[in-house]
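All remarks here apply to the structure that follows.
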């Protein structure tokens with residue numbers, strides 16, 4: 409698999425569904441977050457350790473298009489790609505598909521490197537820089 | 409106040425904050441949702457009744473820019489404006505400000521009118537049409 | 409009102425409801441939490457400040473009986489009472505009622521004073537001790 | 409494995425952690441729910457299908473003891489046991505352990521069979537009755 413992409417499989421959990429009977433739109437942000445953290449993990453980067461090392465990666469931008477809904481117990485896949493990286497920001501895009509490869513949702517998120525103590529934007533640490541540039 | 413806008417006051421709740429000590433980015437979607445539903449309510453439209461009448465208003469598009477974070481117990485304001493309305497879609501924009509009127513976050517959401525039984529896109533019901541066009 | 413009790417009014421939000429059309433059972437824990445924090449606030453204690461001062465109040469025990477459900481947009485009331493206090497633990501009980509004073513849910517929670525740096529159980533700080541003993 | 413028990417492995421997700429740096433107490437209810445639904449699934453019962461067949465299984469009682477906290481990225485195990493079953497109610501108990509088999513949390517939940525249309529308590533359907541009695 410391309411080092412700059414990841415596909416993660418999910419199942420819709422009961423509490424993620426609202427009274428319309430579809431996954432509440434806010435829940436998708438957790439799916440994206442889990443996929444990002446797993447991608448970092450697969451690159452050898454523990455996000456837990458990153459925070460312990462004083463580096464935060466908050467989200468600064470998000471856009472998402474909901475095309476077809478997800479229902480309780482549905483299986484779906486989040487395909488993540490690293491889109492763009494400069495010295496302080498990193499942008500991922502996502503395609504969510506069902507088991508028949510029907511595109512359900514697309515999204516883009518931008519995250520920024522922040523120093524945990526000063527809460528100021530910082531340059532991406534060297535070890536991550538290598539990973540993002542690979 | 410302009411009929412096409414609303415300002416709603418919030419306080420950050422404990423469980424909305426993550427281990428960075430800031431409101432988790434997914435929580436903002438609930439703030440926007442609450443503000444939309446209150447705006448509809450102020451126009452004489454009960455969203456609960458709308459659903460009982462067989463009309464759903466799921467979200468189809470969302471974009472959000474997070475500029476400055478919110479912390480536990482912070483007071484903040486969501487300013488909603490009705491941006492655009494055509495016969496099946498309605499777009500709202502939002503500015504979130506702190507108590508000093510500092511802009512913290514901006515967002516745009518598009519919602520679509522859907523028939524609850526067929527799950528197909530429908531034209532906006534007449535009574536809502538009037539409200540959105542006012 | 410009795411200093412050791414508080415009644416807080418709520419409205420059910422859209423995202424708190426699951427596909428059964430009732431408030432998901434986990435959401436009640438947030439209602440109890442909000443009521444506790446407001447009770448402390450009314451006693452002159454900011455929970456945000458308490459944490460900044462290095463004192464945490466995690467939950468150690470919870471029991472809850474769900475008798476009748478809540479639906480989207482329902483108004484309800486959480487009645488909190490301080491039940492029991494010893495030097496490290498404090499127990500609150502709660503009754504949730506609808507607008508007709510029908511009892512919907514009852515609950516009890518026990519919280520413990522913990523030092524934020526050592527994560528060990530500590531004695532309740534003197535200023536809180538006074539409040540709890542009043 | 410005993411048909412009346414199940415062990416499910418979890419990893420703590422980022423958004424499940426609060427600003428104390430520990431899993432928020434409400435999140436545990438989702439862990440218990442996921443484990444129950446998987447246990448049913450392993451018995452050949454789809455909870456999604458059960459609801460489509462007009463049978464709901466809302467929670468009526470919950471008690472939980474939080475002994476040691478969970479942190480972001482921790483691995484943990486939920487051990488579920490079917491404790492007690494009568495014709496309308498079923499009680500499960502849970503032990504949550506870390507990777508070293510240290511007991512972190514224990515819990516008990518009671519659920520009740522409800523007819524989706526009348527919202528009245530009903531007898532457990534025959535096919536489930538067999539499973540619970542095995």
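Residue numbers (the working numbering), protein chains in the order written: chain A, 409 to 542; chain B, 409 to 542; chain C, 409 to 542; chain D, 409 to 542. Using N, Cα and C, we set each Cβ at its ideal position, and we do this for glycine too.
Contacts around residue i, its chain only, beta-carbon distance under 8 angstroms, and the 5 residues preceding and following it disregarded
i, result
"residue 535/A", "453"
"residue 510/C", "476"
"residue 479/D", "420, 425, 429, 430 and 431"
"residue 473/A", "513, 514 and 515"
"residue 491/C", "499, 500, 501 and 516"
Below-8 angstroms beta-carbon distance, residue i vs any chain B residue
i, result
"residue 530/A", "no"
"residue 438/A", "yes"
"residue 507/C", "no"
"residue 445/C", "yes"
Proximity test, Cβ basis, 8 angstroms: residue i and chain A
i, result
"residue 434/C", "yes"
"residue 451/D", "no"
"residue 454/D", "yes"
"residue 426/C", "yes"
"residue 430/B", "yes"
Inter-residue Cα distance where the pair is residue i and residue j
i, j, result
"residue 447/B", "residue 501/D", "44 angstroms"
"residue 497/B", "residue 467/B", "10 angstroms"
"residue 434/A", "residue 483/A", "18 angstroms"
"residue 485/B", "residue 517/C", "32 angstroms"
"residue 533/B", "residue 459/B", "12 angstroms"
"residue 508/C", "residue 529/D", "23 angstroms"
"residue 537/B", "residue 526/B", "21 angstroms"
"residue 493/D", "residue 457/D", "21 angstroms"
Anticipated Cβ contact below 8 angstroms, residue i with residue j, distance rounded
i, j, result
"residue 465/C", "residue 521/C", "6 angstroms"
"residue 481/B", "residue 420/B", "6 angstroms"
"residue 531/C", "residue 495/C", "5 angstroms"
"residue 429/C", "residue 524/C", "Going by Cβ atoms, the distance from residue 429/C to residue 524/C rounds to 41 angstroms, so no, they are not a contact pair."
"residue 411/B", "residue 542/B", "6 angstroms"
"residue 436/C", "residue 514/C", "11 angstroms between Cβ atoms; not a contact."
"residue 438/A", "residue 423/D", "5 angstroms"
Cβ shell of residue i (< 6 angstroms), same chain only, five flanking positions each side left out
i, result
"residue 451/C", "539"
"residue 426/B", "432"
"residue 556/B", "Outside the modelled stretch of chain B, which goes from 409 to 542, sits residue 556/B, for which no answer is possible."
"residue 455/D", "445 and 448"
"residue 471/B", "516"
Closer than 8 angstroms to chain D by CB, residue i
i, result
"residue 422/C", "no"
"residue 504/A", "no"
"residue 511/A", "no"
"residue 442/A", "yes"
7 angstroms Cβ shell around residue i - same chain, five flanking residues per side excluded
i, result
"residue 489/A", "412, 413, 500 and 501"
"residue 441/D", "none"
"residue 503/D", "487, 511 and 514"
CB contact below 8 angstroms: residue i versus chain C
i, result
"residue 462/A", "no"
"residue 466/D", "yes"
"residue 481/B", "yes"
| field | Contact residues within the stretch 468-479 of chain D, judged by C-beta distance below 9 angstroms to chain E | value | In the displayed structure, chain E is absent; the protein chains listed are A, B, C and D.
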